[in-house]
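Undergrad:
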Amino acid sequence: MALRLVQVNFKARDDSALGRFWAEALGWGVSSEGPGVTNLEPEGFVWPDPAGFYIDVVTVPDPETVKYRVHIELATTSAAHQAELVARLQDLGATPADVGQGDVPWTVLADPEGNVFCVLEPREIYRDTGPIAAVVVDCADPRAMARFWGEAVNWTLHEMTDDHAVLRSAEGVGPYLELRRASDVTTVWNRVHLDLLPYPVDDKEAEVARLWALGATSADVGQGDVSWTVLADPEGNEFCVLGKG
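In the working numbering, the protein residues as written are 950 to 1194.
#1: Would you kindly work out how many angstroms separate the C-alpha atoms of residue 1176 and residue 1127, rounded to a whole number?
#2: Name the two residues that bound the continuous beta strand (DSSP E) containing residue 1181.
#3: Using a Cβ-Cβ cut-off of 7 Å (strictly less than) and excluding sequence neighbours within five positions of residue 968, which residues of its own chain qualify?
#4: Can you list, in chain order, the residues of its chain with a C-beta nearer than 8 Å to that of residue 1145? Leave out the 5 residues immediately preceding and following it.
#5: How many angstroms separate the CA atom of residue 971 from the CA atom of residue 1089?
#6: Threshold first: 3 residues or longer. Then list the beta strand (DSSP E) segments lying entirely within the region 959-1006, N to C.
#7: Nearest to residue 960 by CA position, among 1178, 1142 and 1059, is which residue?
#8: List the whole-angstrom C-beta distance separating residue 1084 from residue 1124, where the pair is believed to meet the contact cut-off of C-beta under 8 Å.
#9: Using the beta-carbon count (16 or more within 10 Å), is residue 1182 buried or exposed?
#10: Jot down the residue ranges of each uninterrupted beta strand (DSSP E) in the region 1065-1116, minimum 3 residues, whole runs only, in chain order.
#11: Grouping DSSP H, G and I as helix and E and B as strand, with all else coil, what is residue 1189?
#12: Below 8 Å, how does it come out for the region 1026-1035 and the region 1067-1079: are there three or more Cβ pairs, yes or no?
#13: What residue range is occupied by the uninterrupted beta strand (DSSP E) comprising residue 936?
#14: Could you check which residue in 1008, 1054, 1040 and 973 has the C-alpha nearest to that of residue 982?
#15: I'd like the list of long-range same chain contacts for residue 1118, defined as Cβ closer than 7 Å, with 5 residues on each side in sequence excluded.
#16: Is it buried or exposed for residue 1058, if we count other Cβ within 10 angstroms and need 16 for buried?
#17: Indicate whether residue 1115 and residue 1021 have their beta-carbon atoms separated by less than 8 Å.
#18: Rounded to the nearest angstrom, what separates residue 1081 and residue 1167 at their Cα positions?
#19: Identify which residue in 993, 1010 and 1018 has its Cα closest to the Cα of residue 1132.
#20: Can you check the region 1014-1055 for any alpha helix (DSSP H) of at least 4 residues that lies completely inside it and give the ranges in chain order?
#21: Beta-carbon within less than 6 Å of residue 1056's beta-carbon, same chain only, minus the 5 sequence neighbours each way: which residues are those?
#22: Of the residues 1120, 1095, 1121 and 1042, which one's Cα is nearest the Cα of residue 1109?
Structure follows, in structure tokens:
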């Protein structure tokens, strides 16, 4: 595989504080590649291990002005584990959130900066994902988005309907990518986005060209002169291709 989904990136008012919350929530290690950036790694993995999945938290001005189209969902192994995890997350600073979910078996919370996420009830499909069950992207057309993302990262399609599509790495490891139909999709840039990494890293420019051919477009979120390339998928969700050049 030449291009891999390796992490999610959170925009934050305070990367250090938000990074500590998520590190404790997931039981992951913390490092920093520089001021304003907190890197979270699962125990036993060191970036950029291609088998790992990571989180970067980056301080930006006014993160509340952006749109929440991407969120993560956490896995649990039993009802007792779900209850314990929800209680522990609230002790760490999470708060209950109402996004119109109604009476559902999962719990919706917001982290200390307002990023909404879900703590799922036990589901067999997520038994081997690690603490993050899925990265969820709101979209208008799950079928079209599944075609783009499936070809972009060569992930396996597990399920697809008019309302949602579910993909996972061809190796069957890490979290799922779930594309869910939403009625209020906008093109405002996202507070949480996906990062892709070429293997080898020197293949970045070729992979960017391939993504353009698949329907990606260039995006400017004020990144300036950086080593990564910012693109948008066919529905305007920004993502980054990391690497040299």
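Cβ atoms here follow ideal geometry from the backbone N, Cα and C, with glycine treated the same way.
Here the structure is a predicted model, which means the values were calculated and not measured.
TA: Considering the structure as presented:
#1: Here the question's residue 1176 lines up with position 227 in the sequence shown. Here the question's residue 1127 lines up with position 178 in the sequence shown. Taking the straight line joining both Cα atoms gives about 28 Å.
#2: Counting from 1 along the sequence shown, the entry for residue 1181 is found at position 232. Start and end: 1178-1181.
#3: Mapped onto the sequence shown, residue 968 falls at position 19. For residue 968, where only same-chain residues beyond five positions count, the Cβ hits under 7 Å are 979, 987, 989 and 1006.
#4: Your numbering for residue 1145 matches position 196 in the sequence shown. Excluding sequence neighbours, residue 1145 sits near 952, 953, 954, 955, 1101, 1102, 1156, 1188, 1189, 1190 and 1191.
#5: As a working mapping, residue 971 is identified with position 22 in the sequence shown. As a working mapping, residue 1089 is identified with position 140 in the sequence shown. One C-alpha to the other measures close to 29 Å.
#6: 978-983 and 986-990
#7: By 1-based counting over the sequence shown, the position of residue 960 is 11. Looking at the Cα atoms, 1142 is the closest of the given residues.
#8: Reading the sequence shown from its first residue, position 135 is the one you call residue 1084. Reading the sequence shown from its first residue, position 175 is the one you call residue 1124. Confirmed, about 6 Å.
#9: Here residue 1182 refers to the residue found at position 233 of the sequence shown. It is buried - the Cβ of residue 1182 has at least 16 other Cβ atoms within 10 Å.
#10: 1065-1068, 1081-1088 and 1105-1109
#11: The residue you call residue 1189 lines up with position 240 of the sequence shown. Strand, per DSSP.
#12: yes
#13: Within the shown structure, residues of the chain are numbered from 950 to 1194, placing residue 936 beyond reach of any answer.
#14: Translated into positions along the sequence shown, residue 982 becomes position 33. The residue with the shortest Cα to Cα distance from residue 982 is 1008.
#15: Position 169 of the sequence shown, counted from the start, is the residue given in the question as residue 1118. Result list for residue 1118: 1104, in chain order.
#16: Residue mapping note: residue 1058 aligns to position 109 of the sequence shown, counting from 1. By the 10 Å Cβ count, residue 1058 comes out buried.
#17: Locating residue 1115 in the sequence shown gives position 166, counting from the first residue. Locating residue 1021 in the sequence shown gives position 72, counting from the first residue. No, Cβ-Cβ distance for residue 1115 and residue 1021 is not below 8 Å.
#18: Along the sequence shown, one-based indexing puts residue 1081 at 132. Along the sequence shown, one-based indexing puts residue 1167 at 218. Approximately 29 Å between the Cα atoms of the pair.
#19: Reading the sequence shown from its first residue, position 183 is the one you call residue 1132. Among 993, 1010 and 1018, the Cα nearest to that of residue 1132 belongs to 1018.
#20: 1028-1041
#21: By one-based count along the sequence shown, residue 1056 stands at place 107. Hits under 6 Å: 1035 and 1068.
#22: As a first step, residue 1109 is located in the sequence shown; it is residue number 160 there, counting from the start. The shortest Cα separation from residue 1109 among 1120, 1095, 1121 and 1042 belongs to 1095.
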